[in-house]
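Q:
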Amino acid sequence: MEFEAVIGLEIHVELNCATKMFCDCPNRPGDEPNANTCPTCLWLPGALPRLSQEALEKASLLCLSLGAELQPRSAFDQKVYYYPDLPKGYQLSQAHLPLSRSGGIDIVDEDGSTRRLRIHHIHMEEDVAKLVHEMEGRLPISLVDFNRAGAPLVEIVTEPDFRTPYQAMEFLKALRTRVRYVGSSDCSMDNGTMRADANISIRPRGTDQMNTKVEVKNMNSVRHVGDAIAYEIARQTAAVQAGEPVVLHTRLWDPDKKATLPMRAKFDGPCVPDPCVPAIELSSEWIDQMRARLPEMPAERAERLAAQHGLTREDALSLSADPEVAAYFDTLVEHGAAPRNAMHWLTTQLIPAVKERQQKLSVSPVTAERLAALLGMLAKDEINANAAREVLAEMFGCDETPETIVARRGFKQVSDAGALDPLIDKVLAEQAGAVSDFRSGQAKALGFLVGQVMQASGGKANPKVIRDLLSEKLGAG
Amino acid sequence: MEPILQQDLTIAVPPDISVRGWPAEAGSKALAGYTALEDATVVRRLREAGAHLRASGRASEFGFGLLDERPGAAPLPPVADEAAGETAVTCAGVATGVAADDIGAPADAELVMDFMGESRLAAARASVYGFKPSYGLVSRYGLIGLIPSMECCGIVSGSLDAIGAILQTVAGQDGLDFSLPDEDPPDLSPQQIRPEETIIGVITEAQGAPASGDRQGPPAPGHAEGFRAGLEKLRRLGFTLREMSVPGYALFSLVHRVVGSVEASSAAGRYDSVRYGPRAPGAKNWNEMYLMSRGAAFGTLVKSYLMQGAFFQFERYEAFVDACRIRARLVEDMRQLESKADFFVSPMSAGPAHGAGGGAGAPAPSADEGRSATPPSLAYVYECFSSTLFANVTGQPALYMPPAPGSAQTGFQLTGPRLSDSRLLALGRLISGSRGGE
Chain A
2 MEFEAVIGLE
12 IHVELNCATK
22 MFCDCPNRPG
32 DEPNANTCPT
42 CLWLPGALPR
52 LSQEALEKAS
62 LLCLSLGAEL
72 QPRSAFDQKV
82 YYYPDLPKGY
92 QLSQAHLPLS
102 RSGGIDIVDE
112 DGSTRRLRIH
122 HIHMEEDVAK
132 LVHEMEGRLP
142 ISLVDFNRAG
152 APLVEIVTEP
162 DFRTPYQAME
172 FLKALRTRVR
182 YVGSSDCSMD
192 NGTMRADANI
202 SIRPRGTDQM
212 NTKVEVKNMN
222 SVRHVGDAIA
232 YEIARQTAAV
242 QAGEPVVLHT
252 RLWDPDKKAT
262 LPMRAKFDGP
272 CVPDPCVPAI
282 ELSSEWIDQM
292 RARLPEMPAE
302 RAERLAAQHG
312 LTREDALSLS
322 ADPEVAAYFD
332 TLVEHGAAPR
342 NAMHWLTTQL
352 IPAVKERQQK
362 LSVSPVTAER
372 LAALLGMLAK
382 DEINANAARE
392 VLAEMFGCDE
402 TPETIVARRG
412 FKQVSDAGAL
422 DPLIDKVLAE
432 QAGAVSDFRS
442 GQAKALGFLV
452 GQVMQASGGK
462 ANPKVIRDLL
472 SEKLGAG
Chain B
13 MEPILQQDLT
23 IAVPPDISVR
33 GWPAEAGSKA
43 LAGYTALEDA
53 TVVRRLREAG
63 AHLRASGRAS
73 EFGFGLLDER
83 PGAAPLPPVA
93 DEAAGETAVT
103 CAGVATGVAA
113 DDIGAPADAE
123 LVMDFMGESR
133 LAAARASVYG
143 FKPSYGLVSR
153 YGLIGLIPSM
163 ECCGIVSGSL
173 DAIGAILQTV
183 AGQDGLDFSL
193 PDEDPPDLSP
203 QQIRPEETII
213 GVITEAQGAP
223 ASGDRQGPPA
233 PGHAEGFRAG
243 LEKLRRLGFT
253 LREMSVPGYA
263 LFSLVHRVVG
273 SVEASSAAGR
283 YDSVRYGPRA
293 PGAKNWNEMY
303 LMSRGAAFGT
313 LVKSYLMQGA
323 FFQFERYEAF
333 VDACRIRARL
343 VEDMRQLESK
353 ADFFVSPMSA
363 GPAHGAGGGA
373 GAPAPSADEG
383 RSATPPSLAY
393 VYECFSSTLF
403 ANVTGQPALY
413 MPPAPGSAQT
423 GFQLTGPRLS
433 DSRLLALGRL
443 ISGSRGGE
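Heads up: the sequence lines are chains A and B, in that order. Going from the first sequence to this note's numbering is simple: count from 1 and add 1. Going from the second sequence to this note's numbering is simple: count from 1 and add 12.
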C-alpha cells in the first residue's frame, strides 16, 4: 500500500518589539540573565498584565502579510500548564478568540505547479522563561532566566495541507520573507526567533482519513524541518507496515542522530478566559490603517522588478527574497545604475563584502547612492572592473566619493587612442610570435595581446578600446 | 474628578493589598515572608491624598471569606505603620472576633478585599457601613486576589462620608490596570436623591423565598420582620417600592462558585511557594518540589476552593462554559431591572440555617465554625455570602446599611446600576440621616 503524509505546521515567531508583551521590560532575552524583569513578568502577587500596543501592531502586520483576516474581537486566555519555565502556572495565549483567521501562502511545488497552503489561524501569546541546566560541582542544578518570560510571540497554525517535506520548507521560507518584509521579526531559526513544530500523520494515498498524528519539535533550521518530517514519515510508514499502531505523542528532532526521539510529555491543561487583559476590539478603520502600512510584498515586488527592469524571474525572486536587498536594489536603480549591472554587483560583490564585514546592508557605509556612482563610472568606461572592485573595498573604510577614490588612486581608465597607440605598437613589436599566431587564425592570441597592453599601461587602459585598436591594427576588422 | 480626602483619615490596609516594603503575605503560607515591592494603586492614591495608612495584621487566607480557618493559625505579627508605630484594629477584625487589645487602636476605615461580599459582611458584623464599588471603577493593581473578574477593593467604615471620600480618591483610570473599561468616569461628587422621584426595587427571590435548587436557607427568626420594618421605613421616607422578580436569582451562587473557583484555581498558580514562601523539603526533583510546595502552601478552605475550580477546569469544562453564559444572562437580567427601578434593596441575612442570627441582622457564623479545628466548608461560606455575592457576579456597587441602634429593623443591602456608586452612597446618607428621630 502506498502512503501519503498529512502535515500541519505550528510556527512561533518572536516579534522584534522594544518591550515585552505585557510590561515595559526590554525585549532582549540575550542580556545578562534576569536583568530584564519586573513584578509583572515575574508574575509577583498583585501585578497585572498590560498589553503592548507595539506587539499588537506588529502581530497585526504579520497577519496581514500572510493574507489572514484580522478579527474584530480577540481575547487572551490562560493556558494552564505547570512547568518550572512557567511558574505562574498559565501562559497568556489566545486560544478561543485568535487575532486572525484564514490566510495562506502560494508556493511553487517540486513539479513547478503552484500550491496554496492555508493558515487556520494566528494568535498572540507570551513566551515562557528559559531553563538552564548546569552542574555545580557534581550536583546538577537548574536555573530559570526570566529575560524571555513575556516576550511577544505569535503562533501561526496551518491547515494540514502539506504532503511533503519540500512543501513545508518552501512555506517556511516564504513565510519568513513576508514577515521580514513587514518588519515584525527577523524570523531566524538559528537564534530562535522562528520555531516550527510539525504535526505529522500518514494515510493510504488517495483517502481522506485523518489518522493519529505525532508532533515533532526542536528543529532549528528550515533544512532540519525537512529532514525531521522526512524521517518521521518514513518511521510511521515502517511502523504501520509492521502492524504497529502510531501513538499520539511528541518527539524531538536530534540533528546529530538525524532521527526523531520521543520526549516526556508536558502537562497540558485547558484554557480559561483571562479576566485581566481586556478583549481586543479592532475597528475597521484601524485595520485599514494597518493594511495601509503593508509594504509591497515579495511576490508583487518580484513581478514588478521583472517587468520594469527586464530581470529574469529567478533573479527577480532572488532579489525580492530579502526586503533589505530589494530596497537597496530599488535605490541603486533610482540613482541611475543599469538594472542588470546593479543586480550583478549587488549579489556578487557588495552582499558578500557586507557579510564578510558582519554588517547589515541597510546601514553599510556603501550606500546605494555611492555604489550607483561607482557603477556609473564603470558603465562609462572611466574605470575598469578590477579598479571598481578595489574602489568598492576602499569605500567601506572611508566616506569619500568613488570619483575621489578613483582620482586619488589613479584608477581613471585611459581610453584615448592617441595615448594608447604607442603602447600598442610597442607590444606588437615585442610579441611577434603572438601576432603571427593571431594572423594564422588563433583568435585567443588577441586576448594575450590585450593583456600585454593592459600590463604596459599599468592596468589603466580601457581593455575594450585596446581590443578595438589591436583588431584594427592587425586587420582583423 | 478631584480626588480629595476631606478628612484626616486613618485607613487600615490588610496584608492582601500591597504596600511597598510591608509584608504582603495575604494571610497565606504560600506568601510567607513576601514583602510588597510596589504600592497598590489604591494605596498610592490614598497616601498621596494624605491618608494615614496602618497595617491590619489579620486576614483570612487571601481575604477569601472572613474567617481565619487555618488550623492552629496564630495571629500574624502586627505591623507598625510608618508614622506612628501603631497598628489598627479593623472593622473586619472586630467582626471576626479579634479583640481590640490584640492589635491596637481603631481606624476610621478599612480596605477589604471583596470577592463575594466580604466588605459588607464584615460591616454587618461590626454594625458599620460596608461598600463594594462597581467593578472596573477602582484599579486592582496591587491587590493580591483570587477571582479577577469579581474581586475589588471594598471599604468598611462607620462613616459614609469617609467611604465617599476614599472612593473619590481611589477611583478612576489607572495605567497599571488595563482591565478597567475604557469609559468616562462617573461623577463621584456627593449627589442628591429625591425620594419622591426614586423607585427602589425589592427582589422577591432575594428575600429568602424558597426556590428550586436554592441553597439559601430561610432567614433567621425575626429577620423577615426586621427587613419588612425597614421597607416600611423607606416607604415613609417617600420612596416608591416595587417588588420585582429575578427568576434566575438562585443561580448567582452557583455561577459565582463555578466561575470564581475556576478563576481562582488558575490565578493561584502564581502563588507557587517557590520564589517566595516556604519550599517543601524532600522533593526528588524540581517538578516534585513544585507539586509538594503548592500542595503545602494553601489552607484547607482555599485549597478546597482551588480543587473545586480545578475539577471544573479539567473535568467539567462545559459546566464552566455554561456558568459563564448564565452569568452573562444574569447580568442582562439585572440590567433589565434597572429600567424599572433606580436602586434595589435586599436583606442581609441568607445565613446558614445553623448560623446565629445576631441582633444586628448579620449572619454571624458561630464561634465554633470560625475557630474549631474543623475549618468551615465551602458550602457554609457560600451560604454566609448568599445575599451579597450577586453584586460581585454582576459588578454592581453594593452598600451594607447597619440598623439604627435599638431599632427593630435589620441591616440591609442597597445596590444600584453599575457606576451609580455616588448616588448609592447618597441614598445611604439620606436613609441614615433620617434615623435620628427613631
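C-beta: ideal position from N, C-alpha, C; glycine also.
Could you give the C-beta distance for Q421 of chain B and A292 of chain B, rounded to a whole number, given that I count them as a contact under 8 Å?
A: Not confirmed; about 51 Å, so no contact.
Q: To the nearest angstrom, how far is it from the Cα of P46 of chain A to the Cα of R282 of chain B?
A: Take the alpha-carbon of P46 of chain A and the one of R282 of chain B: they are about 7 Å apart.
Q: What separation, rounded to the nearest whole angstrom, lies between the Cα atoms of M211 of chain A and R116 of chain A?
A: 21 Å
Q: Go ahead and pull the three-state DSSP assignment for Q237 of chain A.
A: helix
Q: With 8 Å as the threshold, decide whether the Cβ of S143 of chain A is near any Cβ in chain B.
A: yes
Q: Does W287 of chain A come within less than 8 Å of chain B when only Cβ atoms are used?
A: No, its Cβ sits nowhere closer than 8 Å to a Cβ of chain B.
Q: Say whether chain A places a C-beta atom closer than 8 Å to the C-beta of Q408 of chain B.
A: no
Q: How many Å lie between D20 of chain B and D189 of chain B at the Cα?
A: 28 Å
Q: Is the Cβ-Cβ distance between A307 of chain A and P153 of chain A less than 8 Å?
A: Annotated as distal: A307 of chain A and P153 of chain A, with beta-carbon spacing of 8 Å or more.
Q: When you check each C-beta in the segment 82-94 of chain A against every C-beta of chain B, which residues fall closer than 7 Å?
A: Y83, P85, P88, K89, G90, Y91
Q: Of the residues B:G445, B:L439, B:S446, B:S444, which one's Cα is nearest the Cα of T210 of chain B?
A: Residue B:L439 is the option with its Cα nearest to T210 of chain B.
Q: Give, in chain order, every residue of the segment 47-72 of chain A whose Cβ lies closer than 8 Å to some Cβ of chain B.
A: G47, A48, L49, P50, R51, L52
Q: Check each candidate in A:C24, A:F4, A:G434 and name the one with the smallest Cα separation from V278 of chain A.
A: A:C24
Q: Within the 8 Å Cβ cut-off, does C24 of chain A reach chain B?
A: no
Q: Kindly give me the distance between the Cβ atoms of I212 of chain B and F332 of chain B, rounded to whole angstroms, as I take these residues to be in contact under 8 Å.
A: Going by Cβ atoms, the distance from I212 of chain B to F332 of chain B rounds to 35 Å, so no, they are not a contact pair.
Q: Using a Cβ-Cβ cut-off of 8 Å, state whether P34 of chain A counts as contacting chain B.
A: no
Q: Give a yes or no on whether 8 Å exceeds the smallest Cβ distance from W346 of chain A to chain B.
A: So, not an interface residue.
Q: What is the rounded straight-line gap between the Cα of R435 of chain B and the Cα of R347 of chain B?
A: 17 Å
Q: In terms of residues, what are the limits of the alpha helix (DSSP H) holding R269 of chain B?
A: 263-279
Q: Exposed or buried, what is T108 of chain B when buried is set at 16 or more other beta-carbons lying within 10 Å of its beta-carbon?
A: Low per-residue confidence applies at T108 of chain B: pLDDT is 39, beneath 50, and the placement is therefore not dependable enough to give any value.
Q: To which residues of the same chain is I205 of chain B closer than 7 Å at the C-beta, ignoring the five residues directly before and after it?
A: Within the same chain, Cβ atoms closer than 7 Å to the Cβ of I205 of chain B are found at R435, A438, L439, L442, the five residues on either side in sequence being excluded.
Q: Measuring alpha carbon to alpha carbon, tell me which of B:M304, B:Q185, B:G307, B:S278 ends up nearest F324 of chain B.
A: B:S278
Q: Select from the segment 273-284 of chain A all residues with a C-beta closer than 9 Å to any C-beta belonging to chain B, and list them in chain order.
A: V273, P274, D275, P276, C277, V278, P279
Q: Secondary structure at S75 of chain A, three-state DSSP: helix, strand or coil?
A: S75 of chain A: strand per DSSP, three-state reduction.
Q: Between the beta-carbon of P366 of chain A and the beta-carbon of F397 of chain A, is there less than 8 Å?
A: yes
Q: Indicate whether at least one CB of chain A lies closer than 8 Å to the CB of I156 of chain B.
A: yes
Q: Who are the near neighbours of G84 of chain B in its chain, counting only those whose CB is closer than 6 Å to its CB and skipping five residues on each side?
A: In this prediction, G84 of chain B scores a pLDDT of 46, lower than 50, which makes its location untrustworthy; the coordinate-derived value is nonetheless stated afterwards. Excluding positions up to five away in sequence, the list is empty.
Q: Tell me the rounded alpha-carbon separation between A309 of chain B and D186 of chain B.
A: Taken atom to atom, the span from the alpha-carbon of A309 of chain B to that of D186 of chain B is near 32 Å.
Q: Near T269 of chain B, which residues of its chain fall below 7 Å by C-beta distance, leaving aside the five closest residues on each side in sequence?
A: Looking at the sequence shown, residue 269 of chain B is not Thr but Arg. If we look at R269 of chain B and ignore the five residues flanking it on each side, its Cβ neighbours are Y394.
Q: Within 8 Å, do at least three Cβ pairs link the segment 109-126 of chain A to the segment 181-194 of chain A?
A: Between the segment 181-194 of chain A and the segment 109-126 of chain A, the count of C-beta pairs closer than 8 Å stays below three; the two stretches do not touch.
Q: Is the Cβ of Q79 of chain A closer than 8 Å to any Cβ of chain B?
A: It does: the Cβ of Q79 of chain A has a partner Cβ on chain B nearer than 8 Å.
Q: Could you work out which residues of chain B lie near P99 of chain A, taking near to mean beta carbons separated by less than 9 Å?
A: Chain B residues near P99 of chain A: none, gap ~18 Å exceeds 9 Å.
Q: Relative to chain A, which residues along the segment 292-326 of chain B have a C-beta separation below 7 Å, given in chain order?
A: For the segment 292-326 of chain B, which is checked against every Cβ of chain A, the residues closer than 7 Å are W298, Y302, Q325, F326.
Q: Just how far apart, CA to CA, sit S472 of chain A and A386 of chain A?
A: 22 Å
Q: Using a Cβ-Cβ cutoff of 8 Å, what residues of the segment 30-58 of chain B are near chain A? List them in chain order.
A: So the close ones are S30, A36, A38, L43, Y46, A48, L49, E50, A52.
Q: Output, in chain order, the set of chain A residues within a Cβ distance shorter than 7 Å of D189 of chain B.
A: L49
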